[in-house]
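One structure is given here, and the rest of the page talks about it.
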Amino acid sequence: MAKKTGSEETVTYVDKSGKRLDGRKADELRKIKVEVGVIPRADGSAYVEWGQNKVLASVYGPRECLPKHLANPYKAIVRYTYRMAAFSVPDRKNPKPGRREIEISKVSGEALARAIFLERFPNTAIDVDVEILDSNAGTRVAALTAASVALADAGIPMRDLVAGIGVGKAGGHLLVDLNKAEEDAPDAVDIPMAILPNLGEVVLLQLDGLMTQKEWEESQKLAFQHVKKVYELQKEALKKKYAVEGNSGDMEAGARAAEEGVVE
Amino acid sequence: MNENNAKIVVVPGEVVTEERKKLGQHVYLHQGRIYSDCLGMARIDGDSASVVPLEGKYVAQAGDLVVGVLISEKFAGYTTDVNHFYPAFVSKKELPENLKPGTIVSAKVAHVNEMNELELEQSRVFYGGDLISVSPVKIPRVIGRNGSMLEVLKRGTGCSMLVGRNGRIWLKGSNVGLAIKAVEIIEREAHLDNLTDRVTSFLREEGRKAEAAKYA
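As they're listed, the protein sequences go chains A and B.
Quick note on our numbering: the first sequence kicks off at 3 and runs consecutively.
Quick note on our numbering: the second sequence kicks off at 8 and runs consecutively.
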C-alpha cells in the first residue's frame with residue numbers, strides 16, 4: 003500500500019533495542035497454536051492460530067472424483083479452496099471468491115500435491131477446504147500449515163508435512179513472519195514460502211517487491227531456519243492425539259489402565 | 008534411535024530408520040534413509056521397517072471380507088456401498104431374490120484392478136441386526152491376532168458378529184449395546200498395548216454388573 007510519505011517516515015520497524023512494532027525480535031515468529039481433529043465428520047481437520055490469524059482446515063477423501071471429467075486416471079487430484087470469511091478483515095469482505103483467493107487456492111493446492119503420493123489413488127479427488135476466520139498477514143502460509151496437518155490427520159500418504167513461513171523486508175530490515183503493519187511498509191517485501199522440512203524442498207514461493215540478491219539469499223536462509231519451529235509444532239500436535247491417552251477425556255479408561263498397572 | 012519392536016508414533020516425512028532395511032508398508036526410501044509416509048506407529052521387525060497407520064481410508068486388497076449395503080438394483084445384480092472409493096457390484100447369482108436397497112451383504116474381494124475398482128464374490132445376505140462403522144485401519148485390532156479379540160467380543164457379549172475389512176461391523180444378538188461399547192474402546196485405544204486384556208476385563212465387569220442388576 004503506497005501512502006504519502008511524511009507520516010510513514012516516522013515509523014521505525016526495528017528500534018534500537020532490536021524490537022519490532024509488536025515487540026518481537028527481527029527473527030521471531032508470532033505465537034502459533036496447532037490443533038488436530040477439530041471437525042469430527044471430516045476425514046481430517048486442523049485448526050491453526052498464528053498470531054491473530056485463525057485458520058480452519060478440513061480434508062475429505064480420497065473419494066470419487068465428481069464431475070468425472072476432472073478425474074485423472076493416473077493420479078488423484080487435489081482440490082484446494084482457500085476462502086476468507088466476510089468477517090476476517092476490518093472492512094467486510096465480499097464472500098464471493100475473488101481473484102486473490104482463486105490464485106492462492108491454485109498455488110497452495112499445487113504445493114500440497116507435491117507432498118502427497120497422488121499416484122496411489124487414481125481417479126479420485128482429495129478435497130482440502132481452508133477457511134480464514136481472522137487475518138493479519140501471512141494467512142496463506144498459516145492455511146498451508148493447517149492443511150497439511152489435516153491431510154496427515156486424514157491418513158493420506160505424504161512424502162513430508164508442508165510447513166509454511168513468511169519472510170521479508172520492512173523499513174530496510176529483514177524480518178521473519180511479517181504482520182499487517184509491517185507488510186504495509188512503503189518498501190515492504192513479503193515472501194510466503196512453503197517448505198518440506200525433511201526433504202528441504204520449496205513447494206511454494208511468491209515474492210513481490212524489490213530486494214538485492216544478498217537480501218534474498220539471507221531471507222531464504224531465515225525461512226529454512228525458522229520453518230523448523232513451525233514443523234515442530236505441527237509434529238507435536240499430531241503426536242499429541244496419540245500420546246498415551248487413557249487419562250484424557252475418558253476417566254473410566256484411565257482408571258482401568260491404572261488398575262491393570264497395579265495388577266501386573 | 009529405535010529399539011527392536013519399540014513402537015513410536017511417527018508423522019509423514021519422519022525418519023523411521025537410517026539403517027538398511029527391507030521396506031514394509033507405509034514407508035519410502037529417500038537418499039538412503041527410510042521415511043514414514045503417514046501418521047502411524049513405526050515398527051522395526053528384524054530386517055524390515057514399516058509403519059502401522061493410525062488414520063486412513065479403506066483400500067481394498069484381494070481376499071478381504073467386506074460388509075456392504077445395497078444401494079440400487081441393476082439387471083444382473085446390485086450396486087453396493089462398501090465404504091470404498093466407488094460403489095461395487097454384487098451379482099444376483101449368489102443372492103436370494105427381491106432384495107431391497109439397504110440390505111446388508113457380505114462379500115469377498117475377488118480382484119482389485121489398478122484403478123482400485125472391486126470385483127466381489129461369495130456374497131451372502133445378513134438379515135436384521137445392526138451395522139456400525141469403525142476406522143478401517145483399526146479393524147485388525149478388532150479382530151486381533153488369529154481372531155483372539157473377536158473371540159473375546161463374541162463370548163463376552165453373546166452377539167453374532169461379522170467384521171468387514173472395510174470398517175463395517177454387523178452385529179446381532181441380545182446385547183448389541185455392550186458390543187458397541189466394547190468396539191468403541193478398541194477403536195479409541197487401538198494404539199495402546201494389552202488391549203485384549205482390557206476389553207476382557209471390561210466385558211467381565213459389565214457382565215458382573217448385569218448379573219447383579221438381575222437379582223437386585
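C-beta: ideal position from N, C-alpha, C; glycine also.
In this text the structure is predicted, and so the values were computed from the model without any measurement.
For residue i, tell me which candidate among the options has the shortest Cα-Cα distance.
i                : options                                : result
Thr24 (chain B)  : B:Arg40, B:Gln32, B:Arg148             : B:Arg40
Ile104 (chain A) : A:Met86, A:Ile118, A:Arg116, A:Pro92   : A:Met86
Cys67 (chain A)  : A:Asn125, A:Asp210, A:Asp179, A:Gly39  : A:Asn125
Asp29 (chain A)  : A:Ala73, A:Leu177, A:Gln54, A:Asn138   : A:Leu177
Ser47 (chain A)  : A:Val151, A:Leu207, A:Ala245           : A:Val151
Gln129 (chain B) : B:Gln32, B:Ile146, B:Ser98, B:Ala189   : B:Ser98
Arg211 (chain B) : B:Gly151, B:Val132, B:Lys161, B:His198 : B:Lys161
Lys241 (chain A) : B:Ile187, B:Asn105, B:Pro94, B:His198  : B:His198
Gln208 (chain A) : A:Ser110, A:Arg26, A:Tyr76, A:Arg32    : A:Ser110
Glu112 (chain A) : A:Val191, A:Val164, A:His228           : A:Val164
Asn201 (chain B) : B:Asn105, B:Met156, B:Ala219           : B:Met156
Gly4 (chain B)   : B:Trp177, B:Gly31, B:Gly151            : Because chain B spans 8 through 223 in this model, residue 4 (chain B) falls outside it and cannot be assessed.
Gly20 (chain A)  : A:Leu58, A:Pro188, A:His175            : A:His175
How many Å lie between residue i and residue j at the Cα?
i                : j                : result
Pro19 (chain B)  : Ser181 (chain B) : 43 Å
Pro108 (chain B) : Leu125 (chain B) : 19 Å
Leu201 (chain A) : Asp162 (chain A) : 7 Å
Asp45 (chain A)  : Val16 (chain A)  : 43 Å
Asp131 (chain A) : Val61 (chain A)  : 6 Å
Ala223 (chain B) : Val170 (chain B) : 35 Å
Ser208 (chain B) : Gly39 (chain A)  : 30 Å
Leu235 (chain A) : Ile34 (chain A)  : 8 Å
Ala56 (chain B)  : Lys216 (chain A) : 43 Å
Ser196 (chain B) : Ala225 (chain A) : Note that residue 196 (chain B) is Glu in the sequence shown, not Ser. One C-alpha to the other measures close to 38 Å.
Gly63 (chain A)  : Lys64 (chain B)  : 8 Å
Val76 (chain B)  : Val159 (chain B) : 26 Å
Arg102 (chain A) : Tyr84 (chain A)  : 10 Å
Ile158 (chain A) : Cys45 (chain B)  : 7 Å
Ala172 (chain A) : Arg32 (chain A)  : 16 Å
Glu21 (chain B)  : Ala115 (chain A) : 18 Å
Val43 (chain B)  : Met195 (chain A) : Residue identity differs from the one stated: residue 43 (chain B) is Ser in this sequence, not Val. Looking at the two C-alpha atoms, the distance is approximately 24 Å.
Answer yes or no: does any C-beta atom of chain A fall closer than 8 Å to that of residue i?
i                : result
Glu26 (chain B)  : no
Pro103 (chain B) : no
Leu46 (chain B)  : yes
Glu62 (chain B)  : yes
His118 (chain B) : no
Tyr42 (chain B)  : yes
Assuming residue i and residue j make a contact with CB atoms under 8 Å, what is their CB distance in whole Å?
i                : j                : result
Ala67 (chain B)  : Asn120 (chain B) : Actually they do not touch by this definition, with Cβ atoms about 10 Å apart.
Ser221 (chain A) : Ile197 (chain A) : That pair is no contact at about 13 Å.
Ala139 (chain A) : Glu185 (chain A) : 5 Å
Phe133 (chain B) : Val112 (chain B) : 7 Å
Distance cutoff 8 Å, beta carbons only. Does residue i sit that close to anything in chain B?
i                : result
Tyr244 (chain A) : yes
Thr147 (chain A) : no
Asn1 (chain A)   : Residue 1 (chain A) cannot be examined here, being either before or after the span of chain A that is shown, 3 to 266.
Asp162 (chain A) : yes
Lys237 (chain A) : yes
Lys241 (chain A) : yes
Leu68 (chain A)  : no
Phe119 (chain A) : yes
Thr141 (chain A) : no
Ala115 (chain A) : no
Asp131 (chain A) : no
Pro42 (chain A)  : no
Arg85 (chain A)  : no
Gly211 (chain A) : no
Leu198 (chain A) : yes
Chain D contacts made by the segment 122 to 151 of chain B, where a contact means CB separation under 8 Å: This model lacks chain D altogether; the protein chains it does include are A and B.
Within 9 Å of chain A by C-beta, residues of the segment 86 to 102 of chain B in sequence order: Phe92, Tyr93, Pro94
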